[in-house]
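A.B. asks: First the structure, which I've put down as structure tokens, then a few questions once you've had a look.
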Amino acid sequence: MTGPVTQKAMGILRRLVATYEESEDMINIGAYVKGSNPAIDEAISKRQAIEEFLIQAVEEQSTTVETLRRLGEIAGLSIPSAEIGAYDHGSMAVVLGAGLTSP
Numbered sequence: 000m001t002g003p004v005t006q007k008a009m010g011i012l013r014r015l016v017a018t019y020e021e022s023e024d025m026i027n028i029g030a031y032v033k034g035s036n037p038a039i040d041e042a043i044s045k046r047q048a049i050e051e052f053l054i055q056a057v058e059e060q061s062t063t064v065e066t067l068r069r070l071g072e073i074a075g076l077s078i079p080s081a082e083i084g085a086y087d088h089g090s091m092a093v094v095l096g097a098g099l100t101s102p
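Straight run, no breaks: the sequence shown in numbering that gives the first Met the number 0 ends on number 102.
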């Protein structure tokens with residue numbers, strides 16, 4: 000149902016969410032020291048973008064193309080046009096619902 004780059008991007012997004020959630024207590028109490036773990040630093044730096052991507056008001060609409068491009072930006076990948084075109088008429092709820100949880 001999804002292409003390899005899209006799958007990789009979704010995996011990166013899931014990893015970022017999981018890394019943040021695993022470290023959230025340390026981050027919130029100020030115990031985490033920036034620079035001590037690159038994975039946590041990345042999760043913190045992308046947290047706002049991830050929340051904006053995953054938590055969208057009903058009246059905010061994005062096309063499938065816009066959604067996949069934004070996913071690629073957050074993941075640091077360029078999802079090929081061929082993969083994006085394959086989803087252009089499909090439902091992003093099905094594509095993105097594969098294991099993602101809202102932060």
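Think of the CB as a built atom: it goes at the ideal place given N, C-alpha and C, for glycine as much as any other residue. Treat the numbers as computed from the prediction; the structure is a model and nothing was measured.
Could you give the residue range of the alpha helix (DSSP H) that holds Q55?
C.D. replies: Counting from one through the sequence shown, the residue named residue 55 turns up at place 56. Counting along the chain, Q55 falls outside any alpha helix (DSSP H), and DSSP gives it neither H nor E.
A.B. asks: Going straight from the alpha carbon of S44 to that of A8, what length do you get?
C.D. replies: On the sequence shown, residue 44 is found 45 positions in, with the first residue counted as 1. On the sequence shown, residue 8 is found 9 positions in, with the first residue counted as 1. In a straight line, the C-alpha of S44 is about 17 Å away from that of A8.
A.B. asks: Suppose you measure from the CA of E41 to the CA of G75; what does that come to, to the nearest Å?
C.D. replies: Sequence index remark: in the sequence shown, residue 41 carries index 42 (1-based). Sequence index remark: in the sequence shown, residue 75 carries index 76 (1-based). Distance between the alpha carbons of E41 and G75: 11 Å.
A.B. asks: Let me know the secondary structure DSSP gives S77 once reduced to three states.
C.D. replies: The residue you call residue 77 lines up with position 78 of the sequence shown. Coil, per DSSP.
A.B. asks: Quick check: what's the CA-CA separation for G71 versus A56?
C.D. replies: Here residue 71 is taken as the residue at index 72 of the sequence shown, counted from 1. Here residue 56 is taken as the residue at index 57 of the sequence shown, counted from 1. G71 and A56: Cα-Cα distance of roughly 21 Å.
A.B. asks: Taking only three categories from DSSP, how would you classify A8?
C.D. replies: Numbered from its first residue, the sequence shown carries residue 8 at position 9. A8: helix per DSSP, three-state reduction.
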